[in-house]
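A quick write-up on the structure given underneath.
In the numbering used here, the protein residues as written are 1 to 285.
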């Protein structure tokens with residue numbers, strides 16, 4: 001079965017990988033299709049099967065003033081599809097409802113169109129390890145940590161930093177909801193501390209950048225340049241790691257320098273031989 005979308009391709013590939021690894025217990029059961037229209041200024045989201053028939057029921061909401069349209073299709077008391085236009089904030093809720101195949105009573109169906117309470121939203125309740133972007137395997141925790149560390153405030157900034165929503169775009173509403181949740185009073189999650197150690201507030205990436213940019217050659221130069229704290233108690237482990245970083249960053253420069261030195265040593269006898277030959281051929285005895 002070919003869908004023409006990225007997410008089902010990854011899911012099919014995962015099943016294939018299990019099969020090739022002699023583990024055929026995993027079966028492909030189909031995919032819940034969702035996609036976001038990638039046209040600037042046009043908010044359109046669809047998920048699942050949006051066709052209607054005699055066996056389906058639907059609820060819809062049309063706001064002519066704000067130019068929004070929402071429709072959810074049900075079959076056997078389960079949501080099987082939805083269309084959101086003009087306002088896609090309900091997309092994470094619909095993805096969650098359909099992914100979990102929830103049974104929905106008649107009296108609760110219309111509530112799916114109600115505004116989102118950010119404190120009980122999908123972004124707020126899903127675990128940190130859950131992938132927000134399935135295409136690129138970007139978890140909720142990764143987005144939160146990177147957004148705080150790099151002061152990311154828009155979906156495009158998150159996309160550039162983590163690649164979340166950069167493929168099919170179906171998770172864009174979820175990323176937006178997560179950013180809204182992070183700015184709300186309901187956000188109370190612990191952000192992962194990415195500092196390298198207690199001696200510095202810098203991250204591993206920051207230290208690597210500084211070593212490369214400033215051509216820092218020794219651990220002492222790194223500590224002095226980066227204002228390292230508690231220098232007298234810097235452990236051997238930290239010294240070893242900084243040394244490894246330096247060697248990893250500058251392997252090409254080091255290799256070229258060593259090769260050049262070796263070539264110069266090898267050329268010296270050749271140069272002496274050439275001078276002797278020139279003197280013998282062109283200078284009188």
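Glycine included, every Cβ here is placed at the ideal spot set by N, Cα and C.
- Secondary structure in the stretch 90-160: the alpha helix (DSSP H) runs of 4 residues or longer, each lying completely within the stretch, are 91-99, 106-109, 122-125, 140-150 in chain order.
- Residue environment analysis places residue 65 among the exposed positions, since fewer than 16 neighbouring C-beta atoms fall within 10 angstroms of its C-beta.
- In the three-state reduction of the DSSP assignment, residue 63 falls in the strand class.
- Of the candidates 89, 54, 72, 51, the residue whose Cα lies closest to the Cα of residue 180 is 89.
- Under the three-state reduction of DSSP output, residue 10 falls in the helix class.
- Contact annotation, residue 82 with residue 71: C-beta distance approximately 7 Å; criterion of less than 8 Å satisfied.
- Going by C-alpha positions, residue 123 is about 13 Å away from residue 142.
- Under DSSP, residue 79 shares a beta bridge with 74.
- Membership of residue 222 in the alpha helix (DSSP H) is indicated by the continuous run 219-225.
- Per DSSP, residue 37 lies in no alpha helix (DSSP H) segment and is marked neither H nor E.
- When secondary structure is reduced to three states using DSSP, residue 47 falls in the strand class.
- Two segments are said to touch when three or more pairs of C-beta atoms, one from each, lie closer than 8 Å; by this definition the stretch 166-178 touches the stretch 87-105.
- Inclusion of residue 151 and residue 140 in the CB contact set at 8 Å is not warranted, their separation being larger than that value.
- Sequence-distant Cβ neighbours of residue 26 in its own chain, meaning closer than 8 Å and more than five residues away, are 14, 15, 18, 19.
- Closest option to residue 189, judged by alpha-carbon separation, among 145, 224, 158: 145.
- Look at residue 165 here: in three-state DSSP terms it is coil, with no helix or strand label.
- When the alpha-carbon of residue 47 is set against those of 56, 40, 36, 55, the nearest one is in 36.
- No residue range can be given for residue 26, since it is assigned to no alpha helix (DSSP H) and is classified by DSSP as neither H nor E.
- Shown here, residue 178 sits in a helix according to DSSP, grouped into three states.
- Per DSSP, reduced to three states, the secondary structure at residue 84 is strand.
- For residue 111, the closest of 54, 59, 191 by C-alpha to C-alpha distance is 59.
- The C-alpha of residue 98 is placed about 11 Å away from the C-alpha of residue 73.
- Residue 57 is bridged by DSSP to 74.
- Taking the CA atoms as reference points, residue 118 sits about 7 Å from residue 186.
- Note on geometry: alpha-carbon atoms of residue 147 and residue 55 lie some 44 Å from one another.
- With fewer than 16 other CB atoms across the displayed protein chains lying within 10 angstroms of its CB, residue 205 is exposed.
- For residue 68, the beta-bridge partners assigned by DSSP are 63.
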